[in-house]
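Letter by letter, the sequence shown follows residues 2 to 319 of our numbering. C-beta atoms are modelled at their ideal positions from N, C-alpha and C, and glycine is treated no differently. Here's the structure we're looking at; comments come further down.
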Amino acid sequence: MMRRRHLLAALAPLPALAQPAFPTRPLRILTAFAAGGGTDLIARTLAQAMTAPLGQSVIVENKPGAGGNLATDTAAQAPADGYTMLMGNHGPMSVNPTLFRNLRTNPETALEPIGLVADAPLVVVVGSRSQAANFPALMAEIRAANGTITYGSASNGSASHLAAALLMQMTGLEAEHIPYRGAAPALTDVVGGTLHFMITTLPSVTGLIAGGQVRALAVTGEAPIAVLPAVPPVAATLPGYKATAWYGILVRSGTPAPIVARLAEAKRAAMADPMLINRLREEGAEPSAMDGPGFGRLIREERLRWAEVVRRANITVD
Numbered sequence: 002m003m004r005r006r007h008l009l010a011a012l013a014p015l016p017a018l019a020q021p022a023f024p025t026r027p028l029r030i031l032t033a034f035a036a037g038g039g040t041d042l043i044a045r046t047l048a049q050a051m052t053a054p055l056g057q058s059v060i061v062e063n064k065p066g067a068g069g070n071l072a073t074d075t076a077a078q079a080p081a082d083g084y085t086m087l088m089g090n091h092g093p094m095s096v097n098p099t100l101f102r103n104l105r106t107n108p109e110t111a112l113e114p115i116g117l118v119a120d121a122p123l124v125v126v127v128g129s130r131s132q133a134a135n136f137p138a139l140m141a142e143i144r145a146a147n148g149t150i151t152y153g154s155a156s157n158g159s160a161s162h163l164a165a166a167l168l169m170q171m172t173g174l175e176a177e178h179i180p181y182r183g184a185a186p187a188l189t190d191v192v193g194g195t196l197h198f199m200i201t202t203l204p205s206v207t208g209l210i211a212g213g214q215v216r217a218l219a220v221t222g223e224a225p226i227a228v229l230p231a232v233p234p235v236a237a238t239l240p241g242y243k244a245t246a247w248y249g250i251l252v253r254s255g256t257p258a259p260i261v262a263r264l265a266e267a268k269r270a271a272m273a274d275p276m277l278i279n280r281l282r283e284e285g286a287e288p289s290a291m292d293g294p295g296f297g298r299l300i301r302e303e304r305l306r307w308a309e310v311v312r313r314a315n316i317t318v319d
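Structure representation (structure tokens):
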């Protein structure tokens, strides 16, 4: 009888092994751009808001280079343990697979989306060379100039370049593109009159708008934004136009499902933080509750959409 009890005990199912706690140490969010820019600001705002839900500090690590691909490569090569997140945006996630022929990392297969954080429209601005008081008047100026009007961008293939290229394609108009190394020098030439107009991120131009050095004629989202309530969307004149800068977090593919779920829950909690909501809206960005699967669909849809714009405009990287 004793032997039978021992045998039954040996055959009894073992208790399920407890999942190790996560996280037990600080986490990091990689960004593809230098400190001080829009992506960096959104990453730092999110990191601060995720600290309490995770019970660990979240550090932002800037890894600019290779058109944003360096940070993507680093995130894809990190251990699949959830401690390294990537602040992915529209450029590296959806545009670079078309712009760069020999990418080391395919974001769609190498990374798993956790959720979208924010969606931010760009703003169409003009300087002293333009007499346009509104967006339709700017379109009339471009049409009358027959391709001689110039516009600037932060670089070939940047959000500012693609937004203007899409505008030209949808209107059938022509303007000469002048790429710069960053938004700041391009905006200096808009102010000085060397360039006629530019489509740029709101943080890069807020001070110039407030100082009256440039005029904001339209935003590139689907509706006006809180910080520029009197500025209409391009879509009010050109239905269907949209060119926003979006930001979301991802981790390496293969990260265990419980860890992905833990990060997703922390992201949801962070997005309810009034500090985060107010800070993003001050920068012209709209906070997003979009989950991981929804973010993945957005990345794929945007990749297809911008691939067509890149090909039609024959855009190449420097």
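Item: Which full runs of the alpha helix (DSSP H) of 4+ residues lie inside the stretch 118-183, going along the chain?; Value: 136-146, 160-172
Item: Alpha carbons only, please: which of Glu-283, Ala-258, Arg-306 is nearest the one belonging to Asp-82?; Value: Ala-258
Item: What residues are listed by DSSP as bridge partners for Pro-234?; Value: Val-220
Item: So, at 6 Å on beta carbons, what are the nonlocal neighbours of Ala-308 in its own chain, with the 5 sequence-adjacent residues on each side left out?; Value: Thr-99
Item: In whole angstroms, what is the alpha-carbon distance linking Ile-60 and Leu-71?; Value: 18 Å
Item: Taking the alpha-carbon of Leu-183 as reference, which of Arg-45, Val-261, Ala-160 has the nearest alpha-carbon?; Value: The sequence as given places Gly at residue 183; Leu does not occur at that position. Ranking Arg-45, Val-261, Ala-160 by Cα distance to Gly-183 puts Ala-160 first.
Item: Let's test the definition: count the other Cβ atoms within 10 Å of the Cβ of Glu-142 and tell me whether it reaches 16, buried, or not, exposed.; Value: buried
Item: Looking only at its chain, what residues have a beta carbon closer than 6 Å to the beta carbon of Glu-287, apart from the 5 residues adjacent to it on each side?; Value: Asp-120
Item: Could you tell me the distance, in whole angstroms, from the CA atom of Asn-147 to the CA atom of Ala-166?; Value: 16 Å
Item: Classify Ser-254: buried if its beta carbon has 16 or more other beta carbons within 10 angstroms, exposed otherwise.; Value: exposed
Item: Is it buried or exposed, Asn-63, if we count other Cβ atoms within 10 angstroms and call 16 or more buried?; Value: buried
Item: For the 8 Å Cβ check, are there 3 or more pairs between the stretch 171-181 and the stretch 205-212?; Value: no
Item: Are the beta-carbon atoms of Leu-123 and Thr-201 separated by less than 7 Å?; Value: yes
Item: If you pair each beta-carbon of the stretch 129-137 with each one of the stretch 77-97, do three or more pairs fall below 8 Å?; Value: no
Item: In or out: Met-276 buried (at least 16 other Cβ within 10 Å) or exposed?; Value: exposed
Item: Measure how close the beta-carbons of Gly-92 and Gly-69 come, nearest whole angstrom, since I'm counting them as under 8 Å.; Value: 5 Å
Item: What's the C-alpha gap between Ala-77 and Gln-214?; Value: 42 Å
Item: Just the Cα atoms here: how many angstroms apart are Thr-73 and Pro-186?; Value: 27 Å
Item: Residue range of the beta strand (DSSP E) that Val-252 falls in?; Value: 245-253
Item: Which partner residues of Asp-292 appear in the DSSP bridge assignment?; Value: Gly-116
Item: Give a yes or no on whether the C-beta atoms belonging to Gly-297 and Pro-108 are separated by under 7 Å.; Value: no
Item: Please tell me whether Ile-300 and Met-94 are closer than 7 Å, where the distance is taken between their beta carbons.; Value: yes
Item: Taking the CB atoms as reference points, tell me whether Phe-101 and Tyr-152 lie closer together than 7 Å.; Value: no
Item: Do Pro-137 and Ala-270 have their C-beta atoms closer together than 7 Å?; Value: no
Item: Is it buried or exposed for Val-321, if we count other Cβ within 10 angstroms and need 16 for buried?; Value: What is shown of the chain runs 2 to 319, which leaves residue 321 out entirely.
Item: Hey, how far is the Cα of Arg-280 from the Cα of Leu-28?; Value: 22 Å
Item: For Ala-33, which of Asn-90, Arg-263, Ala-79, Thr-25 has the nearest alpha-carbon?; Value: Asn-90
Item: At the level of alpha carbons, what is the spacing between Ser-154 and Lys-268?; Value: 32 Å
Item: Name the residue from Val-235, Ala-67, Pro-294, Leu-47 whose alpha carbon lies nearest to the alpha carbon of Val-261.; Value: Pro-294
Item: Could you round the C-beta distance between Ala-219 and Val-232 to whole angstroms and report it? I think they count as a contact, below 8 Å.; Value: 6 Å
Item: Less than 7 Å between C-beta atoms, sequence neighbours within five positions excluded: which residues of the same chain meet that for Asn-135?; Value: Leu-218
Item: Thinking just about the alpha-carbon of each residue, which of Ala-273, Ala-111, Glu-302 is nearest to the one in Ser-289?; Value: Ala-273
Item: Beta-carbon separation of Leu-117 and Gly-249 under 7 Å?; Value: yes
Item: Pick out the complete beta strand (DSSP E) segments inside the stretch 53-86, 3 residues or longer, and give them in chain order.; Value: 59-63
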